Amino acid sequence: MALLDTTKIFRLSCLLFFLYTSINITWSSCLSFLALIGSIYFLPFGDHTMNHKEKVMKTKEIVNGLYSKLSKDEEDVKAAEAILGFVTYDVENTDSLDRFERIKVNSNCLFARKAKIWGSPPWKEQLSLEENIYRLIPMFLRFTILCQSQKLDGFLIELPGVKFGNDVMVFASAFRRVLQVLSDHDPAEFYCMDKSYLGKRGWVFEFNKCTFFITTFAPFYPETHPRYAFRCSDCYILFQPEVSFAFHDLPPDSTETNWVNPTNTRDKIRVAFRQAGRGYDVPQSLNFPMSHDMIRPISGADPIIEWWTL
11 MALLDTTKIF
21 RLSCLLFFLY
31 TSINITWSSC
41 LSFLALIGSI
51 YFLPFGDHTM
61 NHKEKVMKTK
71 EIVNGLYSKL
81 SKDEEDVKAA
91 EAILGFVTYD
101 VENTDSLDRF
111 ERIKVNSNCL
121 FARKAKIWGS
131 PPWKEQLSLE
141 ENIYRLIPMF
151 LRFTILCQSQ
161 KLDGFLIELP
171 GVKFGNDVMV
181 FASAFRRVLQ
191 VLSDHDPAEF
201 YCMDKSYLGK
211 RGWVFEFNKC
221 TFFITTFAPF
231 YPETHPRYAF
241 RCSDCYILFQ
251 PEVSFAFHDL
261 PPDSTETNWV
271 NPTNTRDKIR
281 VAFRQAGRGY
291 DVPQSLNFPM
301 SHDMIRPISG
311 ADPIIEWWTL
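For the record, in the sequence shown the residue sitting at position 132 is 142 according to my numbering, with numbers rising by one throughout.
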């Protein structure tokens with residue numbers, strides 16, 4: 011404050027001296043005027059008694075007052091929570107699951123109704139198919155980590171029927187694109203969609219070292235078809251981790267079926283579909299490629315849909 015008071019006193023003195031001597035223009039009046047101008051332009055304004063170190067300390071005080079100081083561990087937790095809030099959603103409470111419920115409750119699969127499924131987030135029309143699938147990858151990855159310990163049965167991806175549900179080949183192409191996006195971002199770097207034997211026996215969809223059995227449902231399938239969507243207007247891709255079959259005591263795959271007196275779960279499911287008028291052909295060989303069954307043709311007489319080539 012001492013410098014500020016001295017500055018004010020000096021400026022006031024210069025002003026009074028200028029007024030006193032400016033009645034007649036003399037050398038002294040000119041000198042007093044120059045002194046006044048100099049005091050305005052060259053002497054500092056405000057409180058400059060604070061040195062650089064004190065200014066830094068003052069700034070830190072303000073910042074600490076606005077933002078509470080956290081430990082490194084607290085900062086890491088806070089950062090992780092912020093990121094999770096940005097990429098996660100409530101996987102067990104989605105519109106896609108609500109709409110798929112009609113298929114679940116009407117399915118002839120014996121454990122469909124009680125299946126624990128995670129759903130995809132709302133589709134964003136302003137984004138491409140690839141961008142929409144990219145958005146759900148964090149939760150798909152989380153699913154592969156937790157599916158065994160939490161006994162999860164499936165991860166559901168919903169595609170809008172207005173775009174992909176009017177033609178089986180259009181849907182087949184979209185199906186390939188969905189799997190390609192997931193495969194391209196496989197954290198295990200296996201990239202199953204890039205294998206040369208895709209479409210042949212031995213190939214299975216794999217992500218983060220978790221293998222999946224995939225079924226699809228779409229509005230273009232008739233009521234007599236095993237992939238009938240029960241008047242749902244959208245398309246669905248259900249990723250069932252193969253480990254989930256063990257949760258339901260499903261026996262090993264077999265080409266044989268006891269149609270008259272089914273005793274195991276697999277035979278009961280096959281009989282239930284047939285009795286409902288939606289029977290499906292049982293593969294004649296255990297070496298039947300899994301990829302051939304992921305998107306079934308509309309008619310049993312139609313050729314296999316080679317979706318991986320579209």
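Virtual Cβ for every residue (Gly too), placed ideally from N, Cα, C. Note that this is a predicted model, so its numbers are computed, not measured.
Nearest CA to the CA of residue i: which residue from the options?
{"i": "glutamate 199", "options": "Pro132, Ala89, Phe217 and Met304", "result": "Phe217"}
{"i": "tryptophan 317", "options": "Ile305, Asp291, Thr225 and Glu233", "result": "Ile305"}
{"i": "proline 261", "options": "Lys278, Trp269 and Tyr246", "result": "Lys278"}
{"i": "lysine 124", "options": "Ile113, Leu139 and Pro131", "result": "Ile113"}
{"i": "arginine 284", "options": "Lys82, Gln136, Lys126 and Asn118", "result": "Asn118"}
{"i": "tyrosine 308", "options": "Pro236, Gln294, Thr267 and Lys63", "result": "According to the sequence displayed, residue 308 carries isoleucine and not tyrosine. Isoleucine 308 has its Cα closest to that of Pro236, out of Pro236, Gln294, Thr267 and Lys63."}
{"i": "tyrosine 246", "options": "Pro170, Asp100 and Ile314", "result": "Pro170"}
{"i": "glutamate 252", "options": "Val281, Ala239 and Phe222", "result": "Phe222"}
{"i": "lysine 126", "options": "Leu166, Phe174 and Leu296", "result": "Leu166"}
{"i": "phenylalanine 255", "options": "Asp163, Val292 and Leu151", "result": "Asp163"}
{"i": "methionine 149", "options": "Val281, Pro197, Tyr231 and Ser243", "result": "Pro197"}
Distance, Cα to Cα, residue i vs residue j?
{"i": "asparagine 103", "j": "glycine 129", "result": "7 Å"}
{"i": "leucine 13", "j": "glutamate 85", "result": "With a pLDDT of 47 at leucine 13, under the threshold of 50, the modelled position of that residue is not reliable, and no figure is offered here."}
{"i": "leucine 156", "j": "serine 193", "result": "19 Å"}
{"i": "tryptophan 213", "j": "tyrosine 207", "result": "6 Å"}
{"i": "arginine 187", "j": "leucine 248", "result": "15 Å"}
{"i": "alanine 311", "j": "asparagine 142", "result": "34 Å"}
{"i": "aspartate 204", "j": "asparagine 176", "result": "28 Å"}
{"i": "cysteine 202", "j": "histidine 195", "result": "11 Å"}
Should residue i be labelled buried (16 or more other beta-carbon atoms within 10 Å of its own) or exposed?
{"i": "alanine 89", "result": "exposed"}
{"i": "threonine 98", "result": "exposed"}
{"i": "phenylalanine 96", "result": "exposed"}
{"i": "phenylalanine 55", "result": "At phenylalanine 55, the pLDDT of 49 sits below 50, so the modelled position is not reliable; the number obtained from the coordinates is stated separately. Looking at its Cβ environment, which holds fewer than 16 other Cβ atoms inside 10 Å, phenylalanine 55 is exposed."}
{"i": "isoleucine 72", "result": "exposed"}
{"i": "glutamate 168", "result": "buried"}
{"i": "proline 132", "result": "exposed"}
{"i": "threonine 69", "result": "exposed"}
{"i": "threonine 273", "result": "exposed"}
{"i": "arginine 241", "result": "exposed"}
{"i": "threonine 265", "result": "exposed"}
{"i": "leucine 80", "result": "exposed"}
Looking only at DSSP bridge pairs, what is residue i linked to?
{"i": "isoleucine 247", "result": "Ile167 and Thr226"}
{"i": "threonine 154", "result": "Looking at the DSSP assignment, threonine 154 forms no beta bridge with any residue, so it has no partner."}
{"i": "phenylalanine 217", "result": "Cys220"}
{"i": "leucine 129", "result": "First, the residue type needs correcting, since residue 129 is glycine and not leucine in the sequence shown. BP columns for glycine 129 point to Leu166."}
{"i": "tyrosine 238", "result": "Ala228"}
Say the cut is 7 Å; is the CB of residue i nearer than that to a heavy atom of the ligand MN?
{"i": "cysteine 157", "result": "In terms of ligand content, the structure shown is empty, and the ligand MN therefore cannot be addressed."}
- Query: Fully enclosed by the region 170–207, which alpha helix (DSSP H) runs are 4 residues long or longer?
  - Reply: If we require 4 residues or more, the alpha helix (DSSP H) runs fully inside the region 170–207 come out as 171–174 and 178–194.
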